[in-house]
Amino acid sequence: MNETEQRILDAAMKVFAEDGFEGARTRKIAELAGVNEVTLFRKFQSKENILRVVMMKNRDIVLQALDTVFLNENSANFQVNLHSLCENIMKIIEERIDMMVILIAESRKKPEIAGILAPVPKMILMRLTDYFEQQQKQGKMRNVNPKVAALACISYLFYSNLLRRMLRDNNLSGSKEEFEAFIDIFLNGILESKDKNMNG
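Using the working numbering, the first residue of the sequence shown is number 185, and each one after it goes up by one.
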């Protein structure tokens with residue numbers, strides 16, 4: 185893929201995320217990319233094809249990044265390992281949040297887009313579930329449903345980013361303190377120690 189094609193795809197990602205597929209105009213994409221519409225259509229033929237290529241390219245980048253994250257996390261300390269895993273997954277989501285916005289907005293109207301991007305959340309869910317199962321076998325994690333634990337983890341990592349993007353709320357700043365608070369709640373729960381003992 186050459187530089188011109190990459191500029192078109194980067195511009196298309198921004199325009200699709202801001203205006204939606206139906207509202208996006210190829211002229212706006214071309215202007216943002218610094219090319220004319222003729223060049224855009226010569227490279228990608230149609231707006232539909234631009235969306236498809238954008239999603240496939242970003243999906244492959246995310247899957248490769250996630251695979252690297254899971255392969256590299258091998259600390260013997262469960263808390264350190266989980267912290268690093270979640271932090272790196274969150275960074276990947278933050279970097280590709282426009283892709284997630286498009287997925288939410290367009291997947292119901294365009295099943296092909298949902299099909300293209302489905303491997304991303306599926307991979308995170310599967311790998312986190314497997315990871316939690318391994319921690320349970322090693323006696324490092326309570327015997328809770330590992331898939332539900334994975335879903336809870338993914339929900340924060342994904343939707344906190346999505347809310348910041350959608351609401352543009354400075355109070356949802358995504359600070360390190362906020363992330364640390366999530367990790368603490370996820371690992372230790374919200375009950376006081378005495379209440380945990382009463383319910384245990």
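For glycine and all other residues, C-beta sits at the position ideal for the given N, C-alpha and C.
Between the alpha carbons of residue 200 and residue 289 lies a gap of roughly 10 Å. Between the stretch 270-284 and the stretch 239-251, the count of Cβ pairs shorter than 8 Å is three or higher; the stretches touch. A direct Cα-Cα distance of roughly 18 Å separates residue 221 from residue 203.
Note that the stretch 333-349 touches the stretch 309-316; at least 3 beta-carbon pairs, one per stretch, sit closer than 8 Å. Residue 240 is classed as exposed because its beta carbon has fewer than 16 other beta carbons within 10 Å across all chains shown.
Between the alpha carbons of residue 344 and residue 238 lies a gap of roughly 23 Å. For residue 373, there is no enclosing alpha helix (DSSP H), as DSSP gives it neither H nor E. If the five residues before and after residue 219 are omitted, its C-beta is found closer than 8 Å to the C-beta atoms of 188, 191 and 192, all from its own chain and listed in chain order. Here the alpha carbon of residue 269 sits roughly 19 Å from the alpha carbon of residue 373.
Residue 299: member of the alpha helix (DSSP H) spanning 295-301, first to last residue.
Residue 194 holds the alpha-carbon nearest to the alpha-carbon of residue 216 among 230, 306, 236 and 194. In the three-state scheme derived from DSSP, where H, G and I count as helix and E and B as strand, residue 311 is classed as helix.
A residue is called buried when at least 16 other Cβ atoms come within 10 angstroms of its Cβ; residue 304 meets this threshold and is buried. Rounded to whole angstroms, residue 310 and residue 364 show a C-alpha spacing of 24 Å.
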